[in-house]
Amino acid sequence: ISYEERSIEGPTFSNNPGSLKWFLHPERCMRFWTDLGEDCSNCLRSCAFNKPPGVLHDLVRGVIANTTVFNRLFVWLDDVLGYGKKKSSSSFFGY
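Take my numbering: the final residue in the sequence shown is number 196, and no numbers are missing along the way.
Written out as structure tokens, the structure reads:
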């Protein structure tokens with residue numbers, strides 16, 4: 102995800118322009134996938150902005166949006182609380 106200001110134009114031809122947002126760089130994502138043998142779930146499960154709503158998560162998102170001072174603490178807490186753990190496919194499909 103870009104550190105630049107939101108834009109209506111993406112950085113590459115793979116982006117769909119027209120709405121104000123932070124764009125991904127799809128080619129870099131694909132390279133990351135290939136190197137790790139993973140997919141979007143790797144980033145989705147570890148991103149603080151994909152956590153469920155709630156007082157604690159809302160507080161963390163607010164802090165992250167304004168400072169990087171507590172990033173290491175939040176990553177550690179994320180691991181301790183099990184949010185970053187991979188789930189088996191059976192947990193999604195029931196077999």
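Glycine is no exception: its CB is placed at the ideal position from the N, C-alpha and C atoms.
- In the DSSP assignment, no residue is bridged to S120.
- In this structure, A149 is the residue among R107, A149 and G155 with its C-alpha nearest to the C-alpha of F171.
- In this structure, the CA atom of N143 is about 12 Å from the CA atom of N151.
- DSSP places S147 in the helix class (H, G or I) of the three-state scheme.
- At a Cβ-Cβ threshold of 8 Å, W123 and R146 do not count as neighbours.
- Counting the other CB atoms within 10 Å of its CB gives V176 a total below 16, which places it among the exposed residues.
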